[in-house]
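To start, the structure itself, in structure tokens.
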Ligand SMILES: CC(C)(COP(=O)(O)OP(=O)(O)OC[C@H]1O[C@@H](n2cnc3c(N)ncnc32)[C@H](O)[C@@H]1OP(=O)(O)O)[C@@H](O)C(=O)NCCC(=O)NCCS
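In the numbering used here, the protein residues as written are 211 to 362.
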């Protein structure tokens with residue numbers, strides 16, 4: 211069974227390894243490698259509300275949250291390369307959306323249009339594209355999507 215819990219200091223190496231994997235980094239806005247020291251500093255300074263995704267007792271990935279205004283929040287998720295394609299991201303997002311849709315009017319995310327696995331997953335979960343002009347990040351089209359309650 212999938213479960214979510216807040217990230218603790220002990221999880222930072224696990225997160226850093228997934229985050230720095232080229233297959234993950236290439237799908238993020240900041241594609242640079244981040245050292246474990248930087249990650250530790252960021253965690254201490256920002257106290258981010260991130261979640262570890264576990265399958266049973268096994269950590270399989272993490273959920274990122276940012277831009278929390280109290281009314282809107284940005285989410286994202288990265289799964290360990292060897293754990294992909296097993297339904298973990300879909301289950302974790304569903305869990306988080308159930309939790310957040312009570313408290314936030316707007317749940318949103320950014321995704322590269324050519325990240326077809328993630329883009330299609332978000333559509334299946336009920337996210338729709340917003341924004342009028344195409345936005346380029348790292349020379350690729352970066353799309354903002356918002357969770358639509360109507361599709362839920
Ligand atoms: C995108 C990502 C989070 C998806 O996580 P995941 O746990 O592998 O996804 P799931 O197993 O829950 O699969 C979700 C859907 O994608 C499909 N999918 C997963 N891997 C796939 C693959 N390699 N090829 C085609 N479809 C795939 C699944 O079939 C599923 O669709 P379904 O519900 O219709 O069956 C993961 O691939 C990842 O971490 N990628 C690198 C970082 C990244 O892109 N993060 C998101 C940035 S916005």
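The C-beta atom is built at its ideal place from N, Cα and C for all residues, glycine as well.
State the Cα-Cα distance for the pair residue i and residue j, rounded to the nearest angstrom.
i	j	result
residue 331	residue 224	24 Å
residue 251	residue 245	10 Å
residue 241	residue 235	5 Å
residue 354	residue 299	18 Å
residue 288	residue 262	10 Å
residue 297	residue 291	13 Å
residue 357	residue 304	11 Å
residue 276	residue 248	18 Å
residue 361	residue 337	Because the pLDDT of residue 361 is 47, which lies under 50, any placement of that residue in the model is unreliable, and the number read from its coordinates should be weighed accordingly. For residue 361 and residue 337, the distance between alpha carbons rounds to 8 Å.
residue 226	residue 325	21 Å
residue 333	residue 219	33 Å
residue 271	residue 309	18 Å
residue 294	residue 327	10 Å
residue 233	residue 243	12 Å
residue 350	residue 344	10 Å
residue 257	residue 341	30 Å
residue 222	residue 278	21 Å
residue 339	residue 274	20 Å
residue 268	residue 230	20 Å
residue 264	residue 216	11 Å
residue 348	residue 312	34 Å
To the nearest whole angstrom, what separates the beta carbons of residue i and residue j, a pair I think is in contact under 8 Å?
i	j	result
residue 314	residue 323	Rounded, the Cβ-Cβ distance is 25 Å, inconsistent with contact.
residue 282	residue 259	Not really, about 14 Å apart at Cβ, beyond 8 Å.
residue 301	residue 228	No, residue 301 and residue 228 are not in contact; Cβ-Cβ is about 17 Å, not under 8 Å.
residue 285	residue 319	5 Å
residue 307	residue 335	7 Å
How is the alpha helix (DSSP H) around residue i delimited, first residue to last?
i	result
residue 252	246-256
residue 314	Where residue 314 is concerned, there is no enclosing alpha helix (DSSP H), given that its DSSP letter is neither H nor E.
residue 279	Taken as a continuous stretch (DSSP letters only), residue 279 belongs to no alpha helix (DSSP H), as it is neither H nor E.
Closer than 7 Å to a non-hydrogen atom of ligand 3 - does that hold for the CB of residue i?
i	result
residue 284	In the structure shown, ligand 3 is absent; the only ligands present are ligand 1.
Output the boundary residues of the beta strand (DSSP E) element that contains residue i.
i	result
residue 344	337-347
residue 273	268-276
residue 324	Element bounds for residue 324: n/a, residue is neither H nor E.
residue 296	That residue, residue 296, is in no beta strand (DSSP E); it is neither H nor E in DSSP.
residue 212	212-216
residue 262	261-265
residue 351	350-357
*Exercise answer, beta-carbon shell around ligand 1 heavy atoms below 7 Å*: 233, 234, 237, 238, 271, 286, 287, 288, 289, 293, 294, 295, 296, 297, 298, 299, 300, 301, 319, 320, 321, 325, 327, 328, 330, 331, 334
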